[in-house]
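Number 526 in this note's numbering belongs to position 533 of the sequence shown; there are no gaps in the numbering. Quick reminder that beta carbons are idealized off the backbone N, C-alpha and C, glycines included. Report on the following structure.
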Amino acid sequence: MTQTETPPQSETLGFQAEVKQLLHLMIHSLYSNKEIFLRELVSNASDACDKLRFEAIDSPDLYEGDGELRIRVEYDADKKTITVSDNGIGMTRDEAVANLGTIARSGTKEFFSQLTGDKQKDAQLIGQFGVGFYSSFIVAKKVSVLSRRAGAPETEAVMWESDGQGEFSVTPVEKADRGTAITLYLRDDEEEFASGWKLREVLRRYSDHISLPIQMLKEEWDNEKSELAKKSEWETINQASALWTRAKSDITDEQYREFYKHVAHDFDDPLAWTHNRVEGRSEYTQLLYIPKRAPLDLWDREGRRGVKLYVKRVFIMDDAEQLLPAYLRFVRGVIDSADLPLNVSREILQESRDVRVIREGSAKRVLSMLEDLAENKPEDYAAFWEQFGQVLKEGTGEDPSNRERIAKLLRFASTHGDTSAQTVSLADYVSRMKEGQDKIYYVSAETYAAASNSPHLEIFRKKGLEVLLLSDRVDEWMLSYLREFEGKPLASIAKGGLDLDALADEEEKKHQAEVAETFKPLVERLKTALEGKVKDVRVTGRLVDSPACVVVDEHELSPHLLRMLQAAGQAAPEVKPILEINPEHGLIAKVQAASDDTFGEWAQVLLDQAMLAEGGGLADPAAFVKRMNKLLLG
-6 MTQTETPPQS ETLGFQAEVK QLLHLMIHSL YSNKEIFLRE LVSNASDACD
44 KLRFEAIDSP DLYEGDGELR IRVEYDADKK TITVSDNGIG MTRDEAVANL
94 GTIARSGTKE FFSQLTGDKQ KDAQLIGQFG VGFYSSFIVA KKVSVLSRRA
144 GAPETEAVMW ESDGQGEFSV TPVEKADRGT AITLYLRDDE EEFASGWKLR
194 EVLRRYSDHI SLPIQMLKEE WDNEKSELAK KSEWETINQA SALWTRAKSD
244 ITDEQYREFY KHVAHDFDDP LAWTHNRVEG RSEYTQLLYI PKRAPLDLWD
294 REGRRGVKLY VKRVFIMDDA EQLLPAYLRF VRGVIDSADL PLNVSREILQ
344 ESRDVRVIRE GSAKRVLSML EDLAENKPED YAAFWEQFGQ VLKEGTGEDP
394 SNRERIAKLL RFASTHGDTS AQTVSLADYV SRMKEGQDKI YYVSAETYAA
444 ASNSPHLEIF RKKGLEVLLL SDRVDEWMLS YLREFEGKPL ASIAKGGLDL
494 DALADEEEKK HQAEVAETFK PLVERLKTAL EGKVKDVRVT GRLVDSPACV
544 VVDEHELSPH LLRMLQAAGQ AAPEVKPILE INPEHGLIAK VQAASDDTFG
594 EWAQVLLDQA MLAEGGGLAD PAAFVKRMNK LLLG
C-alpha cells in the first residue's frame, strides 16, 4: 500500500431477508434447546478443518507449518463471552459475507413457505433445514467472527460482527494464524454457559464423536480464592477419533445419534442406522443413517445430496452422490475407503471400479436396514414410508439387480382397508388373493379419491376382489418396470383386456354372452354416432352402478399417464378410448330408446361422463353443460 492510499474501512451490510426471518424464528422457537449452538459451531469448525486437510493434499503449503488441526473452546466469565476457534481453512472477506450474511442453498423457498407460526412445528422445520452458525444468536446478543483464509497474507483477515438484528459489519484486520475464531457475547440471562463445567458437559454430550481434538484450558481449584483457576495448558476433552473407526461395542446409541446430527446437519434423531466394516475386493467402512423426515429439497433435481466420502480417514467431499444410487438419496452418513486415491474427483468416482463395489454394497446394506425395520419395527417403517416411499419406488427402474427386494418393501393403499394410508405390501395382497385369481389388480389416478371412486372398481367390489389404489406421480413410471411379483403379473383394471372369466361361473358367462348379442344394435349405433372419437364401443360386465366407462387396450398408455406427459410438456401419442357400456343401467335404456334426433347428443353425453369419471378433462366443457341441460329439459 502506498502512502497516498487509505486503508480499507469497515462496511455495514444488510442480512438477506431470509436470514432475518430465520434469526427471529430461531431465537423464539429453539429457545428450549438453546445449548445446540455449541454443537453447531463445533461441527462447522470440524468441517473447516476437513476442508483444509483436503485442499492441502495438493497444496501442503496451506498448513503454514502447523499441520495439527484442532478446535479450541474458551470462555471469560467476567466478560460473559465464549470463543470457539479452529485452525481450518478460514474465510476471505467475500466468503464471510456470502457464508454469514445469506442462505444460498436449495430448499430455502420451500422452508419458508411451510412455516406456520406454531413454535413447535416451526422448531422442527428449522432443525430440518439446519441452524448452523445462526444458532449463535439463540444465546448471544452480539457475535464476532475473526477469520483468515489459509494461504492468505496476515493482512487479509476479516472481522465480521453483528447483533443479529438486521445488519452486520465487515472490517479488514490482521490475523497471524489461519482459521476462524467466533466470539459470542452472551445475553445477561445466558451466563451459565460462561463456565468450564457447563461447556465440558455440553461438548461431551454433543461433540464427543468429532474426530479432531476439542481442547479447553485445564482448570484446577484454587483454595485461596475458592474458585477454579485456568492453567496455561490445553487438554483434549473428547475422544478425538473418527466415530466410524471405533468398534461398535464402544459406541453408545446416544453417540450414534449425535454423530448423525453432525454429519446430516439435522435437528432430529435418525430413524435407523447401520455401521459396518467391509473387507474383500474393496475395503471400506460405512456408517449410514435413515432420517426421520425428508429434507425440504428432496425433489430438487439440482441439489447435490449423498454421503460424506473419506479416504483413509481424510475427508474428501460432501454429498458424494456416486456412492449410492439416486433412489437412496435420502441416506446420510459416512463412507471411508481404504482403496481410493486421496486426489479422487467426482469424475473419477463415476468411472471407478472400487466405487461401483461400494455403491452396490452400500445399497444392499440400506435395503437390509429397511427390511429389518419393516419386519421388526412396522411403526418406524410406516414413518419411513410416509416420508420416503415415493423415492424408494424409483428403485424399481434404477436398480434392476435389487428390484425384487425393493418390490417387497413397497406399500400401497388398497380397497382392502378403504383408507388412503399406504400400508399394504404386495405380499399382503398375494396372501389375500381369491381362488382362481392369477393377477394383482391395480387402478391409478391423480388422487386417492379419484382412484377409490373409479367406476372400474365396481365389479371388483361386488366380487370381493382387492385392488391396489395408486395415486403417486411416480407410480406409472414404476409400473413400466415392476410388471410382476412372485410370478403374478400386475394388471390395470382400466385396461380393455381385463379377463375376469376365471372368476365367473357358467351361468354368469352365459348371461354375458346373451346380453352382448342383445345389445349389438345399440353398440353399432353408438359406434356410428361417436365415429372418430372412440376406438371401439362394447358391452361390459365390469360395471355395476355406472352407465359407462372408458378403457384403453392392454399395451397402450393409460389416460392418467398421458395426462402426466402432457402436463410435463412432453409429446404424447394420441390414444382414442374404448367406450364400454353397462347394459343393466337405466341410462343405457334411455339412450337405447332415444330418437334419431337426440341419439347423437345422448351418445356424446355418455362418453363425456365416462371421461370425467375416469379423471380426464373435456375439450369443450361448455358444450357438455349445454348438451346436458338440453337433454334434462327434454
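Taken in chain order, the unbroken stretches of alpha helix (DSSP H) that lie wholly in the stretch 411 to 494 and span 4 residues or more are 419 to 424, 441 to 445, 451 to 456 and 468 to 472. If you compare the alpha carbons of GLU213, LEU236, VAL195 and THR85 with that of PRO165, the shortest gap goes to THR85.
The count of Cβ pairs closer than 8 Å, one atom from the stretch 342 to 353 and one from the stretch 315 to 322, reaches three, so the stretches are in contact.
Annotation for LEU93: the continuous alpha helix (DSSP H) segment containing it runs 86 to 94. Secondary structure at ASN26: helix, using DSSP grouped into helix, strand and coil. Comparing alpha carbon positions, the residue from GLU567, ASP590, ARG531 and ALA233 closest to LEU600 is ARG531. The alpha-carbon of ALA406 is positioned some 54 Å away from that of GLN208.
In this structure, PHE126 and GLU33 form a Cβ contact; the two beta carbons are roughly 7 Å apart against a cut-off of 8 Å.
Residues of the same chain with a CB within less than 7 Å of the CB of PHE252, apart from the 5 flanking positions on each side, are HIS202 and LEU236 in chain order. At a Cβ-Cβ threshold of 8 Å, TYR249 and ASP329 do not count as neighbours. Bridge partners of LEU221 according to DSSP: TRP214.
Collapsing the DSSP output to three states places GLN14 in a helix.
The count of Cβ pairs closer than 8 Å, one atom from the stretch 526 to 544 and one from the stretch 440 to 460, reaches three, so the stretches are in contact. Remark: C-beta atoms of LEU93 and VAL132 do not approach each other more closely than 8 Å. Secondary structure of ARG358 (DSSP, three-state): helix. Ranking THR416, GLY410, LYS528 and GLY388 by CA distance to the CA of MET471 puts GLY388 first. Residue state for ASP373 is assigned as helix, using DSSP reduced to three classes. One Cα belongs to ALA522, the other to PHE512, and the distance between them is close to 16 Å. From the listed residues ARG198, ALA509 and VAL77, the smallest Cα separation to THR245 is found for ARG198. In chain order, THR267, LEU281, ILE283, LEU317, LEU321 and VAL324 place their CB closer than 8 Å to the CB of VAL359, counting only its own chain and leaving out the 5 sequence neighbours on each side. In terms of Cα proximity to LYS569, the closest of SER36, PRO482 and HIS548 is HIS548. Selection LEU335, GLU340 and ARG306 evaluated against VAL327 yields ARG306 as nearest (Cα-Cα).
For ALA438, the number of other beta carbons within 10 angstroms of its own is at least 16, and it is reported as buried. Classified as exposed, ASN446 has fewer than 16 neighbouring CB atoms from the shown chains inside 10 Å of its CB.
DSSP places GLN279 inside the beta strand (DSSP E), whose first and last residues are 277 to 283. Between SER200 and ALA233, the C-beta spacing is not below 8 Å. Judged by DSSP in its simplified three-state form, ALA174 adopts strand. 8 Å or more divides the Cβ of ALA603 from the Cβ of LEU580. Annotation: ASP156 to ALA41 spans about 24 Å, alpha carbon to alpha carbon. GLY172 sits buried, since 16 or more C-beta atoms from the chains shown fall within 10 Å of its C-beta.
Ranking ASP87, THR412, ASN336 and GLN158 by CA distance to the CA of GLU4 puts ASP87 first. Within the stretch 554 to 625, the complete beta strand (DSSP E) runs of at least 3 residues fall at 571 to 574. Straight through space, the alpha carbons of ASP43 and GLY410 are spaced by roughly 51 Å. The beta carbons of SER485 and SER418 sit no closer together than 8 Å.
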